[in-house]
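These notes concern the structure reproduced below.
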Amino acid sequence: MNRVKAVFLDRDGTINYERNYVHKIEDFELIPGTLEALRLLTEHNIKIYIITNQAGIARGYFTEEQFHNLTQYMLSRFDKIDCNIEKVLYCPHHPDGTIPEYTRKCQCRKPGTRLIEEVMEREKFKADEIALVGDRDSDIEAGLRLGITTYLVLTGYGSEHRNDTKADYIKSDMLSAVKHLLGDSTIGEKLHYSASP
1 MNRVKAVFLD
11 RDGTINYERN
21 YVHKIEDFEL
31 IPGTLEALRL
41 LTEHNIKIYI
51 ITNQAGIARG
61 YFTEEQFHNL
71 TQYMLSRFDK
81 IDCNIEKVLY
91 CPHHPDGTIP
101 EYTRKCQCRK
111 PGTRLIEEVM
121 EREKFKADEI
131 ALVGDRDSDI
141 EAGLRLGITT
151 YLVLTGYGSE
161 HRNDTKADYI
171 KSDMLSAVKH
181 LLGDSTIGEK
191 LHYSASP
């Protein structure tokens, strides 16, 4: 079994509160424990990737530029605790969009796996060296398709999915997931459905 080298984190509902297509700085609020979770991952030299579906771009609710502005703000918050995010991966597409250039089916929108696969190929990560944390079934399905260990968190939409999820673990929030991950840093052997923090 291999040591965990990278974690893919969903954004809305996992890192920050889900608030109807968050795209303004004033609406961006970190879920308690997020900064501590990121600090712990950084201290353990685990590479951090944020992977997020941003259908609001395709639907015309906000622009790609507005998304990038919010991303820069978010990263500046993380820089203050010396947390390095390797990359923010995002999909701006949706098959039912209103902006033609973004309106299509794609393989980068979770549960599509293209964005994760590109990182795995570039960095030579094996599936058992990676974990994925998210609050939606689409997050979990993306991880499971690649054989990645998955954590469903009960923030965001997670509580709606807890009874029918196929996630390897269920945790109350990202901090609980990260603490569990670090306590069991050889995650190839999976324990199922631990809802306790």
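Going by our numbering, the sequence shown wraps up at 197, each residue one higher than the last. Even glycine gets a Cβ: it sits at the ideal position worked out from N, Cα and C.
Are any of the Cβ atoms in chain B nearer than 9 Å to that of residue i?
{"i": "G97", "result": "In the displayed structure, chain B is absent; only one protein chain is listed."}
Which residue from the options puts its Cα closest to that of residue i?
{"i": "F8", "options": "V178, V133, A177", "result": "V133"}
{"i": "R39", "options": "K80, R3, E29", "result": "K80"}
{"i": "V153", "options": "G147, G143, A167", "result": "A167"}
{"i": "T165", "options": "G97, E141, F67, I46", "result": "E141"}
{"i": "E268", "options": "T71, I50, A58, N45", "result": "Nothing can be reported for residue 268: it is not among the residues displayed for the chain, which extend from 1 to 197."}
{"i": "H73", "options": "S138, L30, G97", "result": "Rather than His, the amino acid found at residue 73 in this sequence is Tyr. The candidate whose alpha carbon is nearest that of Y73 is L30."}
{"i": "N53", "options": "D10, S172, R104, E160", "result": "D10"}
{"i": "C83", "options": "K171, L115, H44", "result": "H44"}
Assuming residue i contacts residue j under a Cβ cut-off of 8 Å, what Cβ separation, rounded to an integer in Å, is found between them?
{"i": "M174", "j": "T42", "result": "Contact flag wrong, Cβ pair sits at about 14 Å."}
{"i": "E64", "j": "P92", "result": "6 Å"}
{"i": "T150", "j": "G158", "result": "So it is not a contact: roughly 12 Å between Cβ atoms."}
{"i": "I50", "j": "I85", "result": "6 Å"}
Got a sec? Which residues, its chain only, sit under 8 Å from residue i by beta carbon, not counting five neighbours each side?
{"i": "R145", "result": "P111, T113"}
{"i": "Y61", "result": "Y21, H23"}
{"i": "Y102", "result": "I57, A58, P92, H93, H94"}
Which residues does DSSP pair with residue i in a beta bridge?
{"i": "K105", "result": "K105 is not bridged to any residue."}
{"i": "C91", "result": "N53"}
{"i": "D137", "result": "Answer is none; D137 lacks a bridge partner."}
Considering only residues of the same chain and omitting the five flanking positions on each side of residue i, which have a CB-CB separation below 7 Å?
{"i": "C106", "result": "C91, H93, G112"}
{"i": "K190", "result": "Any reading at K190 must be qualified, since the residue scores a pLDDT of 46, below 50, and its modelled position is unreliable; the value itself is stated next. For K190, where only same-chain residues beyond five positions count, the Cβ hits under 7 Å are T149, D168."}
Measuring CB atoms only, is the stretch 119-128 touching the stretch 102-110, in the sense that at least three cross pairs come out at less than 8 Å? no
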